[in-house]
Amino acid sequence: MLLGHSLGISKRTLQRKLKGENTSFQQQLNATREMLAKNYLLTTSMTTDDIAFLLSYQETNSFLRAFNTWTGTSVQKYREQHN
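In this text, residue positions in the sequence shown follow my numbering: the first is 91, and each later residue adds one.
In structure tokens:
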């Protein structure tokens, strides 16, 4: 795993440390994606396609579903409510 090597620890050690903090790599990835998505929506005029690409989603629809899960609203409504 490249991530583990760049951190100087093995994949298993990273998993154990994250578990010790009651989290997982996927949970941390999702939290980071949510934070970045909200920031991009509020501070840029990027399209949802561009944001999905930057957040490493294979498809824009996957990003849109995830955003709705995180916030309970659509990207468009989020931008409208916070601008």
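Beta carbons are placed, not taken as given, at the ideal position from N, Cα and C, and that holds for glycine. Nothing here was measured: the structure is a model prediction, and the numbers come from that model.
Bounds of the alpha helix (DSSP H) holding residue 125 are 115-133. Here residue 153 has 142 and 147 as same chain residues with Cβ atoms under 6 Å from its own Cβ, once five neighbours each way along the sequence are excluded. The segment 156-172 makes contact with the segment 125-134, as at least three CB pairs between them are under 8 Å. Taking a C-beta distance under 7 Å as the contact criterion, residue 161 and residue 150 do not qualify as a contact pair. In this structure, DSSP gives residue 171 a helical state, which the three-state scheme calls helix. A Cβ-Cβ separation of about 6 Å places residue 172 in contact with residue 132 under the 8 Å criterion.
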